[in-house]
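This report concerns only the one structure given below.
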Amino acid sequence: MERENGNNGNTVLLTVIGVATLLVALVGATFAYFSATITNDANQSVIISTATPVGLEYISNKSITIDNGIPGATGEGSFTVTNPATSTVAQTYDLDLIIDTNEFTTALHANNTAEDTEKLKDQLELTISATGGTNTPALKQSTFNLTDGTSTTTSYKLVDNQRIEIGETQTYTVNVNFKDLDVSQDSNQGKNFRAHIDISDPVSVR
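Per my numbering, residue 984 is the first one in the sequence shown, and the count goes up by one each step.
What follows is the structure in structure tokens.
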């Protein structure tokens, strides 16, 4: 997941020593020469050294698992993103919440009324919060109501081009809540939900 500049780790040395510029113009069969000479007694050197960023560290403290969950069940986990002190530059990265499987539905059970439909839309909720040292992550969205009954992959952008300084650690906390809505939620018995967080697109920045 690391992307480095094409010349990372290389050193480019440019030395200007008495540069002479020769311009040649062709007129018919005759050569005309025009020249200019730069006199540089100091022999000025220009040295460019490219940065070598170290890969960002993504560490999760645990997976969030709710087995045989009933309404009211919750789960919590956290993960960190670190730009190690051994890196030479600040970096940016993206985070996405990827829904792999979502079978939770708003389908009405026999004991539900039509008025319960709106409540059922909010029964599976995921929230995320973030803290940082120098740069607190700017979350694009922090609350997700995930009762959509679709098993196809869906993704949500959490942060985009999030800056992280050398030696900085940014911490994210994720909470999942299968809400007790005080209505029949039997239509979601035996259902499954799976998701993961994806970190990508690390870029070196000034």
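Note that beta-carbon positions come from the ideal geometry of N, C-alpha and C, so glycine has one too. Note that the structure is predicted; figures quoted are calculated from it, not measured.
Put simply, the backbone Cα of Phe-1176 is about 8 Å away from that of Asp-1083. In terms of Cα proximity to Pro-1067, the closest of Ile-1149, Asn-1128, Ile-1030 and Asp-1181 is Ile-1149.
For the 8 Å CB-CB criterion, Tyr-1155 and Ile-1111 form a contact. Asn-1044 is the residue among Asn-1044, Gly-1052 and Thr-1069 whose C-alpha sits nearest the C-alpha of Gly-1060.
A direct Cα-to-Cα measurement between Leu-1039 and Ile-1180 gives close to 15 Å. Our two residues, Thr-1117 and Thr-1100, have alpha carbons roughly 43 Å apart in a direct line.
Within the DSSP secondary-structure output, Val-1064 pairs in a beta bridge with Tyr-1041 and Gln-1153. Here the alpha carbons of Ser-1070 and Leu-1103 stand approximately 47 Å from one another.
The residues Lys-1102 and Gln-1106, in chain order, have a CB closer than 6 Å to that of Leu-1164 in the same chain once the five nearest residues on each side in sequence are set aside.
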